[in-house]
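Asker: If you count by my numbering, then the sequence shown holds residues 72 to 293, one letter each, in order. This is the structure, below, for whatever I ask next.
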Amino acid sequence: MSISIELKRAIYEENDARARAINETLRGRGIFTINILGGPGAGKTSFISRVAERLHASGEKLAVIEGDVASDIDTRLLRSLNVEAYQIETGGDCHLNAPMIEGILGRMSVADGSWLFIENIGNLVCPAEYVVGEDIKLVVASVAEGSDKPYKYPAAFAKSAACILTKIDLKEAVGFDEEFFRKGLAGTAPGALLLPLNGRTGEGADEITAWLRSVRTRVLEA
Ligand SMILES: Nc1nc2c(ncn2[C@@H]2O[C@H](COP(=O)(O)OP(=O)(O)O)[C@@H](O)[C@H]2O)c(=O)[nH]1
Ligand SMILES: [Mg+2]
72 MSISIELKRA
82 IYEENDARAR
92 AINETLRGRG
102 IFTINILGGP
112 GAGKTSFISR
122 VAERLHASGE
132 KLAVIEGDVA
142 SDIDTRLLRS
152 LNVEAYQIET
162 GGDCHLNAPM
172 IEGILGRMSV
182 ADGSWLFIEN
192 IGNLVCPAEY
202 VVGEDIKLVV
212 ASVAEGSDKP
222 YKYPAAFAKS
232 AACILTKIDL
242 KEAVGFDEEF
252 FRKGLAGTAP
262 GALLLPLNGR
272 TGEGADEITA
282 WLRSVRTRVL
292 EA
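Right, dumping it as structure tokens:
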């Protein structure tokens, strides 16, 4: 085996072990953690915002870790919605990893029993390769990105518990081929759920939040 493959395996193993430890600690405190993947501008922050509004309305607690190469724009937006949000700026890295999450958790106060959303760096490649302590991954894909994404980035879709399909209001304008997208999703992630969302109006967010609550209960009771 080549040195570079050996090195890569060692990096993944170290990351996996640290992610498992993070997940054990969080689960032990009743915290349900979601790692959100998706391309830049897919609607990840809008998705978190719409779900956060619903969790707030029912008195549930949540915290968000925002990952970006640079800037704290999303963190400031979420804070303006009264969401407890914290920023990781990777300075160039294309994904979050377990040590980054360990580091920021040490500086955050996440209440026991909370929801924890982690918005990963905007791309569909590297974030799919690293676990960060999550219970589930979700992939956010917008109709504006085209209907071929499950075919081109299979790992991100295959590893996610569901695909949130955003910008459904733009379907006709961009000529989104839903049947082709669904076929690709079924091919890479058999049985995967496709959950539509308008991240601006919140259409679809009640159904997504209800589904997430059922997954959370199942995970935390396991
Ligand atoms: N028309 C439309 N725009 C959306 C929708 N969801 C998000 N956007 C817009 O798309 C842009 C990127 O959204 P954002 O949530 O920041 O994407 P992120 O980069 O994946 O976090 C913003 O201008 C949003 O207002 C949607 O469902 N429909
Ligand atoms: Mg964002």
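C-beta atoms are modelled at their ideal positions from N, C-alpha and C, and glycine is treated no differently.
If you drop the 5 nearest sequence neighbours on each side, which residues of the same chain put their C-beta closer than 6 Å to that of S218?
Answerer: Closer than 6 Å at Cβ, skipping near neighbours: F247, D248, F251, F252.
Asker: Shorter than 7 Å, the distance from the beta carbon of E190 to the closest heavy atom of ligand 2, or not?
Answerer: Result yes, Cβ under 7 Å from ligand 2.
Asker: Can we say the region 148-155 touches the region 223-243, given the rule of at least three CB pairs closer than 8 Å?
Answerer: No: the two stretches stay apart, fewer than three of their Cβ pairs being nearer than 8 Å.
Asker: Could you round the C-beta distance between V140 and I192 to whole angstroms and report it? I think they count as a contact, below 8 Å.
Answerer: Contact holds; Cβ gap of about 6 Å.
Asker: Can you give me the start and stop residues for the alpha helix (DSSP H) that S213 sits inside?
Answerer: No alpha helix (DSSP H) holds S213; the beta strand (DSSP E) holding it covers 207-213.
Asker: Compute the beta-carbon to beta-carbon distance between L108 and G138, rounded to the nearest angstrom, for a pair I have assumed lies under 8 Å.
Answerer: Wrong, their Cβ atoms sit about 10 Å apart, outside the cutoff.
Asker: Which term fits K238, buried or exposed, when burial requires 16 or more other beta carbons within 10 angstroms of its beta carbon?
Answerer: The residue is buried, with at least 16 neighbouring Cβ atoms inside 10 Å.
Asker: Would you please state the rounded distance, in angstroms, between the beta carbons of I189 and T104? I believe it to be under 8 Å.
Answerer: That pair is a contact at about 7 Å.
Asker: Apart from the five residues just before and just after P198, which ones in its own chain have a Cβ nearer than 8 Å to its Cβ?
Answerer: Closer than 8 Å at Cβ, skipping near neighbours: N106, L108, C165, H166, L167, N191, I192, A227.
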